[in-house]
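Numbering (this note's numbering), first residue to last: 5 to 340.
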Ligand SMILES: CC(C)(COP(=O)(O)OP(=O)(O)OC[C@H]1O[C@@H](n2cnc3c(N)ncnc32)[C@H](O)[C@@H]1OP(=O)(O)O)[C@@H](O)C(=O)NCCC(=O)NCCS
């Protein structure tokens, strides 16, 4: 059977930097509160013209270049996002022509902060089965256009930012986990009982006779609601569990992992995971300080930035874990 290898990465964040001090001007919050609770110092917001597929296109172009392939080699596109250009069709349909591609299948994945782990797992399965050979995966979000930027929404809106990251996964016959570069394992979970701890009720088919009503909008039901403390506690617990499972199933010791690329929801979550699992801080690569939580974008942005800064090199063993709305969570191990 084939396996799959990550052969290139890229990222793009919009140039407009929004600092915590900028947020202080539009809502009741403070730089100190945001840094103490989340570690976030700034995030990026797009301008009015930019759509999610535009961020995705730029990240994909960098990943294609970094992989050293011709775009015509790509035979499938997977897009992980919860902030699409339009209600339908999916972002992949708008991204494909922007990349100058045609006819190849595009699939949008809706698993929020775990979206990119789901995308990697799906790509790996497609490649292992022989169905596709070279898959472009992108995690992209524009949150800034969907946040309640008043004091009422401050618990959520200070945490999120815009950005995109992309990778290319390609068929390989590499299969020795101790030395070969390939995607080694994936463990995915969903626990729908927690769905309403982090969600946006509207628009939706469960919202009455009409998906969108003035009443629902006036009640702010299109904004995210979050039970922050519960989500925080579950994120630490589930990400630790998923990581432990990934290590056990693959007979890896924690010390063998060279780099941990976690989802970036809150720096304190990642610090608690490192503390609980006794992971040296130096092995955890975080970007949340600069970009906030870009949901499906955090893991591929982390990959591309770790490569750019020399923290992630060919042959290194990497573990990723994520937790988010759903609840959905998971882990994966791959040798870069
Ligand atoms: C959101 C989060 C940072 C809040 O931290 P916390 O320590 O739980 O803070 P609390 O909710 O207890 O709020 C403490 C106080 O700060 C206030 N507060 C909330 N947001 C604020 C903000 N942006 N600025 C200033 N004060 C704020 C609250 O109103 C509350 O005030 P009160 O004590 O007078 O009622 C934290 O719960 C978290 O990160 N949760 C998980 C987030 C997450 O992972 N989300 C995405 C999943 S992928």
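Even glycine gets a Cβ: it sits at the ideal position worked out from N, Cα and C.
Being a predicted model, the structure only gives us computed values, none of them experimental.
Within the same chain, 7, 8, 9, 176, 178, 179, 338 and 339 come within 8 Å of residue 186 by CB-CB distance, once the 5 residues on both sides are set aside.
For ligand 1, a non-hydrogen atom lies closer than 7 Å to the CB of residue 233. Taking residue 39 as the centre and dropping the five residues before and after it, the same chain places the C-beta of 24 and 45 closer than 8 Å to its C-beta, in chain order.
In terms of side-chain proximity, the C-beta atom of residue 51 is found no nearer than 7 Å to any non-hydrogen atom of ligand 1. Secondary structure remark: continuous beta strand (DSSP E) runs of at least 3 residues inside the segment 18 to 105, in chain order: 21 to 23, 46 to 48 and 80 to 84. It is roughly 29 Å from the alpha-carbon of residue 292 to the alpha-carbon of residue 100.
A check of alpha carbon separations from residue 112 across 96, 296, 278 and 121 identifies 96 as the nearest. Distance check between residue 300 and each of 86, 90, 314 and 20 places 86 closest, using alpha-carbon atoms only.
DSSP places residue 126 within a helical segment (H, G or I) once states are collapsed to three.
Here the alpha carbons of residue 49 and residue 260 stand approximately 37 Å from one another. Boundaries around residue 249 are those of the alpha helix (DSSP H), 232 to 253, since no beta strand (DSSP E) includes it.
Residue 79 has its alpha-carbon roughly 6 Å from the corresponding atom of residue 108. A direct Cα-Cα distance of roughly 22 Å separates residue 245 from residue 200. When only Cα atoms are considered, residue 11 and residue 311 end up about 12 Å apart. Between residue 84 and residue 136 a beta carbon distance of about 17 Å is seen, past the 8 Å cut, so the two are scored as non-contacting. Residue pairing by DSSP puts residue 334 in a beta bridge opposite 192 and 326. For residue 271, the uninterrupted alpha helix (DSSP H) run begins and ends at 271 to 281, by DSSP. Checking the DSSP bridge columns, you'll see residue 202 partnered with 230. By the C-beta criterion, the segment 160 to 169 is judged to be in contact with the segment 143 to 151, since at least 3 inter-stretch pairs fall below 8 Å. DSSP places residue 161 inside the alpha helix (DSSP H), whose first and last residues are 158 to 161. Put simply, of 89, 81 and 59 the residue whose alpha carbon is nearest the alpha carbon of residue 127 is 81.
With distances taken between CA atoms, residue 202 lies nearest to 231 out of 196, 231 and 5.
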